[in-house]
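Since the structure comes first, as structure tokens, the remarks are kept for the end.
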Amino acid sequence: MTAIDLSGVFPAMCTPFDEDERIDFETLQADAQRLETAGVDGLVPVGSTGESATLTHDEHVEVVEAVIEAVDDVPVIAGTGSNNTREALELSERAADAGADGLLLISPYYNKPEQRGLIEHYRTIADAVDLPQIVYNVPSRTGRNIEPDTAVELASHENVAGYKAASGDLGQISEVVERTRDEDFAVLSGDDGMTLPTLSVGGTGTISVAANIEPERTCAMVGAALDGDYQRARELHHELGPLFRELFVETNPIPVKEAMEIRGYGPARLRSPLSRLADEYRADLEAVLADLERDETELADPAEGDR
Numbered sequence: 662m663t664a665i666d667l668s669g670v671f672p673a674m675c676t677p678f679d680e681d682e683r684i685d686f687e688t689l690q691a692d693a694q695r696l697e698t699a700g701v702d703g704l705v706p707v708g709s710t711g712e713s714a715t716l717t718h719d720e721h722v723e724v725v726e727a728v729i730e731a732v733d734d735v736p737v738i739a740g741t742g743s744n745n746t747r748e749a750l751e752l753s754e755r756a757a758d759a760g761a762d763g764l765l766l767i768s769p770y771y772n773k774p775e776q777r778g779l780i781e782h783y784r785t786i787a788d789a790v791d792l793p794q795i796v797y798n799v800p801s802r803t804g805r806n807i808e809p810d811t812a813v814e815l816a817s818h819e820n821v822a823g824y825k826a827a828s829g830d831l832g833q834i835s836e837v838v839e840r841t842r843d844e845d846f847a848v849l850s851g852d853d854g855m856t857l858p859t860l861s862v863g864g865t866g867t868i869s870v871a872a873n874i875e876p877e878r879t880c881a882m883v884g885a886a887l888d889g890d891y892q893r894a895r896e897l898h899h900e901l902g903p904l905f906r907e908l909f910v911e912t913n914p915i916p917v918k919e920a921m922e923i924r925g926y927g928p929a930r931l932r933s934p935l936s937r938l939a940d941e942y943r944a945d946l947e948a949v950l951a952d953l954e955r956d957e958t959e960l961a962d963p964a965e966g967d968r
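Right, dumping it as structure tokens:
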């Protein structure tokens, strides 16, 4: 297995659709290049933010291939999870064949396996696919928490390289970090509002929704924390706080796709059953995005604010 550095910022990419709900590959590749240029440390296509639930298996692979083709020097970590172990294995093998550098595997949802079933699920894929793999814990979507004991046991597998933490439970995240310190194992935040707290207890980075919109600021925040400059990291965390909140007023990726359209990065179209952001939230999102742009302009030209 070729190791990858799982520290830093890894945007969970959106999948853009055209008016006929087909994947807009030109916009997808331009977005990948924009994010790479902004300085992110890797890209994560076809996860929850990429609307993986409404993509066919062939579309999954096509998106991964397109992102790999678009970028020059950042790893591509493909979302290949499923609540069906055989299906997750097939997607993982196909992503590996397409050239993915790593895999992100959401824990099985809806059928709610026991912890022993989770271990078997992840080990089956890790035994068969020789790529770094990230276990993704998001109980709000799956209905089942990956307990610390399970995460620690999986960390001993040479191909299980990390843990994406989106439980909202900092105590649990800290315990996983604490108990895997002797392993070559990364703990990444999967919740933008929890990124700085996760880094403070030893996390290595974030798989981020907000980084689609503010990649430079997100990279600066994470970089400052990893360098030990928590004063600067806190400043950036609070600058980004309103965006973090607006991006989750409705189910992800509804708000971030709206933000992408407002910024001109891609269309807000989603595949059913997801729907466009409710009108009542759009003005607040626009205001937050405008404030961030204004702050960026003033930082670029300090005299601007004095005129």
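Under my numbering, the first residue of the sequence shown is numbered 662, with each subsequent residue one higher.
Beta carbons are placed, not taken as given, at the ideal position from N, Cα and C, and that holds for glycine.
Inset, instruction - Check L935 in the structure and name its three-state DSSP category. - result: Position 274 of the sequence shown holds residue 935. Looking at L935 - three-state DSSP - the assignment turns out to be coil, as it is neither helix nor strand.
Inset, instruction - Determine the direct distance from the alpha carbon of R955 to that of P963, and round the result to whole angstroms. - result: Numbered from its first residue, the sequence shown carries residue 963 at position 302. Numbered from its first residue, the sequence shown carries residue 955 at position 294. The pLDDT assigned to P963 is 47, lower than 50, so where the model puts this residue is not dependable; a value taken from the coordinates is nonetheless given after this. When rounded, the distance between both Cα atoms is 11 Å.
Legend entry - Any C-beta of chain D under 8 Å from that of V728: No chain D is part of this structure, which consists of one protein chain only.
Legend entry - beta strand (DSSP E) segment containing G740, residue limits: Against the sequence shown, residue 740 aligns to sequence position 79. In this chain, the beta strand (DSSP E) harbouring G740 covers 738-740.
Legend entry - Residues near E814 in its chain [Cβ-Cβ closer than 7 Å; skip 5 each side]: Residue numbering aside, residue 814 sits at position 153 when the sequence shown is read from its first letter. Taken in chain order, the residues that qualify are I780.
Inset, instruction - Would you mind sorting P934 into buried or exposed? The rule is 16 or more other CB atoms within 10 Å of its CB. - result: Here residue 934 refers to the residue found at position 273 of the sequence shown. Here P934 is exposed, its C-beta having fewer than 16 other C-beta atoms within 10 Å.
Legend entry - alpha helix (DSSP H) segments (min. 4 residues) lying fully within the region 733-770: Runs found: 746-759.
Inset, instruction - Verify the contact flag: E682, CB atom, against every heavy atom of the ligand FAD, threshold strictly below 7 Å. - result: In the structure on display, the ligand FAD does not appear, and there are no ligands present to speak of.
Inset, instruction - Would you mind reading off the limits of the beta strand (DSSP E) that contains A847? - result: Reading the sequence shown from its first residue, position 186 is the one you call residue 847. According to the DSSP assignment, A847 belongs to the beta strand (DSSP E) that extends over 847-850.
Legend entry - Beta-bridge pairing of P809 - partner residues as DSSP gives them: Position 148 of the sequence shown holds residue 809. Answer is none; P809 lacks a bridge partner.
Inset, instruction - Use the C-beta contact count for D685: other C-beta atoms within 10 angstroms, 16 or more gives buried, fewer gives exposed. - result: Here residue 685 refers to the residue found at position 24 when the sequence shown is read from its first residue. D685 is classed as buried because its beta carbon has at least 16 other beta carbons within 10 Å across all chains shown.
Inset, instruction - Out of D692, Y942, S861, state which residue places its alpha-carbon closest to the alpha-carbon of A731. - result: Counted from its first residue, the sequence shown places residue 731 at position 70. Ranked by how close their Cα comes to the Cα of A731, the residues D692, Y942, S861 have D692 in first place.
Legend entry - For E900, the nearest candidate out of R878, G927, E919 (CA to CA): Taking the first residue of the sequence shown as position 1, residue 900 is located at position 239. For E900, the nearest C-alpha among the options comes from R878.
Legend entry - Collapsed DSSP secondary structure at V866 in the structure displayed: For the purposes of this step, residue 866 is taken as residue 205 along the sequence shown, with counting starting at 1. The sequence shown places Gly at residue 866, not Val. Reduced to three states, the DSSP call for G866 is strand.
Legend entry - When G889, K825, L938, S861 are compared against N798, the one with the closest alpha-carbon: Translated into positions along the sequence shown, residue 798 becomes position 137. Among G889, K825, L938, S861, the Cα nearest to that of N798 is on K825.
Inset, instruction - Find out if the Cβ-Cβ distance for the pair D707, V725 is shorter than 8 Å. - result: Residue mapping note: residue 707 aligns to position 46 of the sequence shown, counting from 1. Residue mapping note: residue 725 aligns to position 64 of the sequence shown, counting from 1. According to the sequence shown, residue 707 is Val rather than Asp. Contact: yes.
Inset, instruction - Would you identify the three-state DSSP class for P672, choosing helix, strand or coil? - result: Stepping through the sequence shown from its first residue, residue 672 is reached at position 11. The answer is strand: DSSP assigns P672 an E or B state.
Inset, instruction - Within its chain, find whatever has a CB closer than 6 Å to the CB of N744; leave out the 5 residues flanking it on each side and keep chain order. - result: Along the sequence shown, read from residue 1 onward, the residue named residue 744 stands at position 83. Within the same chain, P769, Y770, Y771, N772 come within 6 Å of N744 by CB-CB distance, once the 5 residues on both sides are set aside.
Legend entry - Sheet register partners of L704 (DSSP bridge): Within the sequence shown, residue 704 is the residue found at index 43, counting from 1. Paired residue(s): V737.
Legend entry - Where G925 falls: helix, strand or coil (DSSP): Position 264 of the sequence shown holds residue 925. The three-state secondary structure of G925, taken from DSSP, is coil.
Inset, instruction - For H718, count neighbouring C-beta atoms within 10 Å of its own C-beta (all shown protein chains included) and say buried if the count is 16 or more, exposed if not. - result: Along the sequence shown, one-based indexing puts residue 718 at 57. H718 comes out exposed.
Inset, instruction - Using 10 angstroms around the beta-carbon of S668, count the other beta-carbons present and answer buried if the total reaches 16, otherwise exposed. - result: In the sequence shown, the residue the question calls residue 668 occupies position 7. Classification of S668: buried, given that the 10 Å Cβ count is 16 or more.
Inset, instruction - Whole angstroms is fine: what's the gap from T865's alpha carbon to A673's? - result: Position 204 of the sequence shown, counted from the first residue, corresponds to residue 865. Position 12 of the sequence shown, counted from the first residue, corresponds to residue 673. For T865 and A673, the distance between alpha carbons rounds to 16 Å.
Legend entry - K825, DSSP secondary structure in three states: The residue given as residue 825 occupies position 164 in the sequence shown. Of the three classes helix, strand and coil, the one that applies to K825 here is strand, per DSSP.
Inset, instruction - Tell whether a beta-carbon distance below 8 Å holds between Y783 and L764. - result: As a position in the sequence shown, residue 783 is number 122, starting the count at 1. As a position in the sequence shown, residue 764 is number 103, starting the count at 1. With contacts defined by Cβ atoms closer than 8 Å, Y783 and L764 do not form a contacting pair.
Inset, instruction - Sort out for me which residues DSSP pairs Q690 with in a bridge. - result: Indexing the sequence shown from 1 puts residue 690 at position 29. Bridge partners of Q690: none, in fact.
Legend entry - Cut-off 6 Å between Cβ atoms - residues of its own chain near G742, not counting five sequence neighbours on either side: Counted from its first residue, the sequence shown places residue 742 at position 81. Once the five neighbours on either side are set aside, the close Cβ partners of G742 are A749, L766, I767.
Inset, instruction - Flag this pair as yes or no: are the beta carbons of A759 and I729 separated by less than 8 Å? - result: Within the sequence shown, the letter at position 98 stands for residue 759. Within the sequence shown, the letter at position 68 stands for residue 729. Less than 8 Å divides the Cβ of A759 from the Cβ of I729.
Legend entry - Cβ-Cβ distance between L950 and R924 below 8 Å: Within the sequence shown, the letter at position 289 stands for residue 950. Within the sequence shown, the letter at position 263 stands for residue 924. Pairing L950 with R924 gives a Cβ-Cβ distance under 8 Å.
Inset, instruction - Counting only the same chain and skipping the five closest in sequence on each side, list residues whose C-beta sits under 6 Å from that of D679. - result: Taking the first residue of the sequence shown as 1, we reach residue 679 at position 18. Excluding positions up to five away in sequence, the list reads D685.
Inset, instruction - Classify F998 as helix, strand or coil using the three-state DSSP reduction. - result: With the chain running from 662 to 968 in the structure shown, residue 998 is simply not present.
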